[in-house]
Amino acid sequence: MSQFSHLLGHGSPPAASLHERIVSHPLVAPIASNPVNVLLFFVLLYHINGLLPAPLSTLSPKIIKARHSNLYSSLPPEHPKSTVWMDYTPKTLAVYDGTGKKEATEPGTGRPEQGPPRILLSINRRVFDVTSGARFYGPDGPYGNFAGRDASRGMALQSFDEDVLTPLDQPLDTLEDLKPAERKQMLEWEQHFLGKYPVVGRLVE
Numbered sequence: 001m002s003q004f005s006h007l008l009g010h011g012s013p014p015a016a017s018l019h020e021r022i023v024s025h026p027l028v029a030p031i032a033s034n035p036v037n038v039l040l041f042f043v044l045l046y047h048i049n050g051l052l053p054a055p056l057s058t059l060s061p062k063i064i065k066a067r068h069s070n071l072y073s074s075l076p077p078e079h080p081k082s083t084v085w086m087d088y089t090p091k092t093l094a095v096y097d098g099t100g101k102k103e104a105t106e107p108g109t110g111r112p113e114q115g116p117p118r119i120l121l122s123i124n125r126r127v128f129d130v131t132s133g134a135r136f137y138g139p140d141g142p143y144g145n146f147a148g149r150d151a152s153r154g155m156a157l158q159s160f161d162e163d164v165l166t167p168l169d170q171p172l173d174t175l176e177d178l179k180p181a182e183r184k185q186m187l188e189w190e191q192h193f194l195g196k197y198p199v200v201g202r203l204v205e
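Spelled out as C-alpha cells, the structure:
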C-alpha cells in the first residue's frame with residue numbers, strides 16, 4: 001500500500017538530496033543565497049590557505065633537508081660582539097690608544113677589557129673603532145699618534161705631527177679656523193672612515 005501511495009504521489013515526500021541538505025544548512029544558507037557572499041567565501045578560503053604551513057612535498061630539497069637537520073636548534077660557537085654607544089671625553093678616549101698600558105674597560109660594563117687593546121680615534125666628533133686597522137693606527141703604525149685622540153685637524157691638514165693634536169687638558173678643537181678646502185678634506189676622511197670602521201660613540205667635552 002505504501003509503495004502504491006508513493007507511486008500515486010501520496011505519502012511522505014522523497015528524502016532531500018545531498019546538495020539540497022548542504023544548501024539549506026543554517027551556516028551555508030546565508031552564503032549560498034547571495035552571490036556576493038559566495039565570492040567573499042572563496043576569497044576568505046584563499047587567504048586562509050596562504051596562512052597554513054606548506055606541505056613538505058611542495059618544498060625544495062634544500063628546505064626539507066634544513067628542517068630535518070640540527071641547524072635550527074644549535075647555537076653558533078661565538079656570537080658577534082655588540083657595539084655599545086658611548087660618549088667619550090678627550091681623557092677617556094686617550095685610554096684606547098692600542099698600547100694596553102692604560103686601564104681600559106669594556107663599554108657599558110666597567111669591567112677590564114678583554115682581548116687585544118682596542119684602538120679608537122675621533123673625526124668631527126665621531127668616535128671610530130679602528131682596531132681592525134691596527135697596522136695603521138696601532139703603536140707601531142704610521143698614524144699611531146692619532147690613536148686615542150681627536151684626529152680631525154690632522155685629517156684636515158693631512159698632517160701627522162703631534163702639534164695638530166689638542167692637548168688632553170684643553171677644550172675640544174672647534175676647527176673654526178679651517179679653510180673650506182681643509183674642512184672638505186676632513187669630511188672626505190670622515191666618509192671614508194664611515195664606510196670602513198664602526199662608529200662607537202661621540203667626542204664630548
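Quick note on numbering: the UniProt record's numbering labels position 93 of the sequence shown as 93, and the sequence is numbered without any gaps. Cβ coordinates follow ideal geometry from the N, Cα and C atoms, glycine included. For clarity, every value in this text was computed on a predicted model and none was experimentally measured.
Asked                                                                                                    : Found
Element boundaries [alpha helix (DSSP H), containing Phe128]                                             : Where Phe128 is concerned, there is no enclosing alpha helix (DSSP H), although the beta strand (DSSP E) it sits in stretches over Arg126 to Asp129.
Span of the alpha helix (DSSP H), counted from its first residue to its last, around Ser152              : Ser152 to Leu157
Identified DSSP bridge partners for Ser122                                                               : Val127 and Asp150
Residue span of the alpha helix (DSSP H) that contains Tyr88, given as start and end                     : Careful: Tyr88 lies outside any alpha helix (DSSP H), inside the beta strand (DSSP E) at Met86 to Tyr88.
Terminal residues of the beta strand (DSSP E) in which Leu203 lies                                       : Val199 to Leu203
Burial state of Ser159 (16 or more Cβ within 10 Å)                                                       : exposed
Coarse secondary structure for Asp97, derived from DSSP in three states                                  : strand
Rounded straight-line distance, which links the Cα of Phe136 to that of Val204                           : 25 Å
Span of the alpha helix (DSSP H), counted from its first residue to its last, around Pro180              : Pro180 to Leu194
Cβ-Cβ distance between Asp140 and Arg153 below 9 Å                                                       : no
Classification of Leu44 by the beta-carbon crowding that lies within 10 angstroms, buried from 16 upward : exposed
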